[in-house]
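The opening residue of the sequence shown carries number 0 in numbering that gives the first Met the number 0; numbering runs sequentially from there.
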Amino acid sequence: MHPPLLRLYEDVLANGRALSLAPSPRMIFVLHGKISIGGRTFEDGDAWQGEGSVVVDAAAAGASLWRWEVTGMLSPNTASPGVVSREKISAELRTLSNGELLLRGDSVGFPAGGCAYLHRHQGPGIRCLIEGGIRIDAQGASCCYGPGGAWYERGPDPVFAQAAADRPSRFIRVMILPRELLGKSSIQYVNEEDKNRPRVQQYKILADAPISRPAF
């Protein structure tokens, strides 16, 4: 048995086109444009979350989306006319907690020069930078990302994040967490002296919902 995957796709929908998706726990973030799902309208910066089958309809100007999904080893996507989908990154979810799960999507912003002290999270997740720049130090490696850059964090590994010095930075992330964290922070600081330091990160919750445990 292979572990499930967390995948991040970028979808570009031409005007008036539709993207049909099979059931899967997911979050869709509107990068630019306007879409409708189930009669509701979503615009720049909005997010939708669910796990049933869904049809995403683009408005007259089209739309660009980031889409996180928990899937099996094979992608369930099928080609749709007027829709271009590209997988940005995928990762095996080997560090899922036992028991019931939660999908959390949020926006994390830093002022110029801001940092997140050495920390870990209680579940794995994929981040994608939407503005600015950021350096991520984890597992003995340092990687720098610009807008559109995506990376995976396993959760238990200590991570240090340093935002660009000359401009604000922000990323969108989706994590798969223990359900008991519903409405609660998942961050754990590694060093005792960092626990009471002021935090410069600004968070906006986009989705925080129980999901079915993947069974692949």
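Every residue, glycine too, gets a C-beta built ideally from N, C-alpha and C.
Put simply, the stretch 104-124 touches the stretch 153-171. At least three CB pairs are less than 8 Å apart.
Distances from the alpha-carbon of Glu99 to those of Gly49, Ile175, Tyr202, Pro197 put Ile175 closest. Shortest Cα-Cα distance from Ser79 to any of Ala60, Lys183, Asp56 involves Asp56.
According to the DSSP assignment, Glu42 belongs to the beta strand (DSSP E) that extends over 39-42.
In the three-state reduction of the DSSP assignment, Leu95 falls in the coil class.
Counting of Cβ neighbours within 10 angstroms places Asp156 among the exposed residues, the total staying below 16.
In this structure, Gly131 sits away from Glu152, with a CB-CB distance that is not shorter than 8 Å.
One thing to note: Ala90 has its Cβ no nearer than 8 Å to the Cβ of Leu205. Going by beta carbons, Leu128 and Gly147 fall inside the 8 Å limit. Close CB contacts of Cys143 within its chain, under the 6 Å cut and outside five residues either way in sequence, are with Arg134 (chain order).
In the DSSP annotation of this structure, Glu50 is not part of any beta strand (DSSP E), being labelled neither H nor E.
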